[in-house]
Amino acid sequence: MSWSNVLLIFRREGMDQLRDRRTLFMVVVFPILLYPIIGAGVLQFAAALQEKPRRVVVVGAERLPKAPALLAPEGEGFNPSLFDESAEAARLTVERRADAGEWANPAFREEAVRDGDASAVMVIPADLPEQFAARADVAIPIHYRSVDETSKITYLRLREALDRWKAGIVEERRKGDKLPEGYARPIEVRGLDAATTQEIGGSVWGRIFPFLLVLMSLTGAFYPAVDLCAGEKERGTMETLLISPAGRAEIVVGKFLAVLAASVTTAVLNLVSMGVTGLQLARRATAMGGGDPAREAAAALAPPTLQSALWMVVLLIPLAAFFSAICLAVAAMARSMKEGQYYMTPLYLVCLPLIFLTMAPGIELNAFYSLVPVTGVALLLRALIVGVYLTAFRFFVPVLLPTVVYAWLALRWAVDQFSDENVLFRESERFSLVPWIRGVIRDRGPRPTSAQAVLGFALIITASWLFAQVLLTTGLGGIGVVAAGQGVILLVPLVMAFLLTTDPAGTLRLRGAAGRYFAIGAAAAVAVKPLSAEFERLVQWAYPISDATRSVFESLLKGDTPLPLAILVFALVPAVCEEVAFRGFILSGLQSGRRTRSAIVLSALLFGLLHVFLSLFQQFFNAAILGVLIGLLAVRSRSLWPGVVFHAVNNGLAVATGAWIGLLQRAGIAGWVYRDAEDGLYHVPWVVAGAVVVAALVLHLWKFDRRDVGEAG
Amino acid sequence: MILVEHLGKSFHDARRGWVEAVRDVSFECRPGEIFGLLGPNGAGKTTTLRTLSTVLKPTEGRAVVAGYDVVEHPEEVRRRIGFMSAGTGIYDRMTAWELVEYFGRLYGIPKDALRDRMEAVFAWLRMDDFRDVLGSKMSTGMKQKVSIARTVVHDPPVLIFDEPTSGLDILVQRTVLDKILELRDMGKTVVFSTHSMSEVERLCSRVAVIYRGRLQAQGPIDELLAAHGQPNVEELFFALVEKADAEYEAAGAGAGAAS
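Which chain is which? The protein sequence lines are A and B, in order. Quick note on the working numbering: the first sequence kicks off at 16 and runs consecutively. Quick note on the working numbering: the second sequence kicks off at 106 and runs consecutively.
Take a look at the structure:
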């Protein structure tokens, strides 16, 4: 790749964007104007907000005692001393009605609340004076309507007021009986808030800020990406660029950098504008009135500290890179700006749920979320804004690293898109489903396409999920069901291979292989065991498995299942089913039009994802790494079966570990093999020896076992 | 300089399956010569020329441009060709000078050499009065000149013009054709596609008639006219088209009877 060309293209695209009024507006002007306008709007709205009067009808008010007073002696209101603030009392107007005529009728009172004539109707029962005198308790019914906000708030205020009134009555009685002061109020709760001002402020910002920031970096990437891809096609300049000596990767990276710059600029300008507006609002709020509430409001709007703002920018760059690459790849498909805009909705629909998590209460950054694209970054942004630095720093790298990887993958996808003449020179054609399906089956080749491979993976996941839902509703369970679930994984690739390819047996690599490959498979599975045990421990240390989950899995494995049956169901069946799916159909599909290396890695990632969806998220790492090994084995042997052997031995060792260790212990040699037999951890020399053997086998397969191109055809 | 042998290109279409846009096309074009590709819209001219410019990969046959195979060394080919079509536009938000400079830089021409070359090209095309005009403010004629300047800025030995005059008024058409003739006189290898008979008669020493994705006939114009007993290119063209249609229908009927 020629970086001078990349730089040249980046500079041109950047300048082009700067000269474009629409982009300038979206990227620069819009964020600068948006927040002050929202801020001013919020203040004006608050000022203009006229609260509905809360009208309380008190039926039989004349029965209330003089002291302590519930209602103000004069006028239409409650006793102000029963409220935190007199303003609060003033908002409630009291209408006294005699307990006679229509107001005596509960149906009429309810109707009054229902029609909105009164926010609440309180009924003072006729026997209240007698009951008070007798020191008995008495019920005071309040009619209200919970779905009407005003009525509900009125009801809550009334309850508060009545509670204080009740306390007053008790206090009177205590004084009358000459009881000690703590008699009626044995405890007093005093809440001490440990949250700092920044944290209180952060919790408000923390909900909105990441959401807007992520959304803005997506928006900031989308418009330029559409302009630089679809726009260029529309204006006829794309072809001009494609026939220049600049390579596709150079063109994509140049454009990508320009889009990235726009995206980051948008996000940072949003950050600054939002912060400045927040500061301004906070100052206004403090200036408007003293007292605690005003200070609270000010705190709530205080912007994040400079330090966390800096970290946010650092975090935003890989996220913006991810969005930029995705947008470029998507926009490359569009023939015109108009078509490009159509792709925006699905893109946002996928992204929004991932960002919404930051708005949901109770969702905290953890190991799992840190791996989810977009969500991890959004949650980390929130942690930084709220000021939970401990969490933020712990997860900084776990969030940053996958995001960089996702961005890189997305960029690769964009380059692929730009290298695909079908994408670049797409003609519009009428789409109708049935002829299309017929065409796909009619024009099938010997191997599936990459898209079909990915579709196969998605179908496996959805079919397995549906299968699990059916099981949940029917309440079936047990070992047979586990095997049936594997059958779903097998069924999808089988059907797809027969339907979509002319050579299903070749696609699924069903032919045999040389004996040495089986030996390599078995040897590698045994040799990798000590290593993967260490690795598993590392993963569990980083991402602890909850006890509940662990017990479910242990009950599955350690039930009364006889060992041969357990090996059949947990080792042999999955080995065949998952291999047919992942090293058969999916790897074959991914190999078309891609380097073998990339195909193996991608299929291994999908294999890891299968475990995230259907089993434990922690198994992702081990599955992905083993997936690379088996993928290599499958490609080199050009057969599924050595991989099946590897997979079966690997799973079999896991299932039989308990029995095996028990056997060794009885023989008294467990101590030679395991340094921690309970957790299946081997002595270091075994681990090292295993690592050396595995490395040697991989090297052998990768370097020395290549076939000539002619022979491979 | 350009050698095309049994070139074929098929596209996959959801409705019709694999469709052959171009089939078994062979021709040759030498320096100092304009080779005309004459055919109606949809005949396969653009597909052929896009294959030569390396943006499409042939599915059959091969093409060698300026000594390099278009599949094996696409970058080397792109360095040595200038490509212009009615569709290759110019950037709206760049001036004439900036645009030509941008492509010159992409071709890796050193800064000083590029400036000298651009001065020469701008003078040759009489573009000096709109050097600093943005693409969006240019007239069609100016745009076309910028496109030509962009096409020749790196002084390529091979030039490919895909219907460069379609949709232009006659004045601009004339300028473009004049410049192409001048380029021929400079010794460039020029391939030129069009659906206009008069352009072919004016420019090309040799011509190929392409229709339904196949070359129906090729050779020097006078030889072709003599061989087919036609008085002019227009009559020749229609005769070939009718013949091709008749063959196609016969083949279609034959296939229908066979199935």
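Every residue, glycine too, gets a C-beta built ideally from N, C-alpha and C.
Let me know if residue i comes out buried or exposed under the rule of 16 or more other beta-carbons within 10 Å of its beta-carbon.
i	result
residue 456/A	exposed
residue 146/B	exposed
residue 171/A	exposed
residue 682/A	exposed
residue 684/A	exposed
residue 437/A	exposed
residue 600/A	buried
residue 452/A	exposed
residue 190/A	exposed
residue 662/A	buried
residue 467/A	buried
residue 111/B	exposed
residue 259/B	buried
residue 604/A	buried
residue 432/B	With chain B running from 106 to 364 in the structure shown, residue 432/B is simply not present.
Compare the C-beta of residue i against all C-beta atoms of chain A and say whether one is closer than 8 angstroms.
i	result
residue 123/B	yes
residue 195/B	yes
residue 213/B	yes
residue 220/B	no
residue 183/B	yes
Nearest chain B C-beta to residue i closer than 8 angstroms, yes or no?
i	result
residue 260/A	yes
residue 450/A	yes
residue 514/A	no
residue 608/A	no
residue 377/A	no
residue 724/A	Caution applies to residue 724/A, whose pLDDT of 38 falls short of 50 and renders its modelled position unreliable; the value that the coordinates give is listed next. It does not: the Cβ of residue 724/A has no partner Cβ on chain B nearer than 8 angstroms.
residue 373/A	no
residue 6/A	Outside the shown range of chain A (16 to 728) lies residue 6/A, about which nothing can therefore be said.
residue 37/A	no
residue 518/A	no
residue 257/A	yes
residue 436/A	yes
residue 306/A	Caution is warranted here: a pLDDT of 46 is assigned to residue 306/A, below 50, making its placement in the model unreliable, and the coordinate value is therefore given only provisionally. False, the Cβ-Cβ gap to chain B never drops below 8 angstroms.
By the three-class DSSP mapping on this structure, what secondary structure does residue i have?
i	result
residue 304/A	Residue placement at residue 304/A is flagged as unreliable, the pLDDT there being 49, under the threshold of 50; a coordinate-derived value is accordingly withheld.
residue 292/A	helix
residue 599/A	helix
residue 108/A	strand
residue 240/A	helix
residue 342/A	helix
residue 241/B	helix
residue 70/A	strand
residue 440/A	coil
residue 193/A	coil
residue 194/B	coil
residue 266/B	strand
residue 216/B	helix
residue 258/A	coil
Alpha helix (DSSP H) containing residue i: first to last residue?
i	result
residue 684/A	Residue 684/A -> no alpha helix (DSSP H), and no H or E assigned at all.
residue 406/A	404 to 409
residue 123/B	First-last for residue 123/B: 122 to 134, but that is the beta strand (DSSP E), not the alpha helix (DSSP H).
residue 714/A	699 to 714
residue 537/A	530 to 557
By the DSSP assignment, the beta strand (DSSP E) with residue i in it spans what residues?
i	result
residue 320/B	319 to 325
residue 521/A	No beta strand (DSSP E) contains residue 521/A, which is instead part of the alpha helix (DSSP H) from 519 to 522.
residue 186/B	186 to 190
residue 137/A	135 to 138
residue 117/B	107 to 118
residue 737/A	As displayed, chain A neither begins before 16 nor continues past 728, which places residue 737/A out of reach and without an answer.
residue 367/B	Residue 367/B lies beyond the range of chain B shown here (106 to 364); nothing can be said about it.
residue 165/B	165 to 170
Heavy atom of the ligand COA less than 7 angstroms from the Cβ of residue i, yes or no?
i	result
residue 99/A	Within the structure as shown, the ligand COA is missing, as the structure has no ligands at all.
Contact list for the region 234 to 252 of chain A against chain B, Cβ threshold 8 angstroms: 250, 251 and 252
Taking Cβ-Cβ distances below 9 angstroms as the criterion, which residues of the region 468 to 489 of chain A are in contact with chain B? none
Residues, ordered as in the chain, of the region 151 to 180 of chain B that lie near chain A by beta-carbon distance below 8 angstroms: 155, 158, 159, 160, 161, 162 and 180
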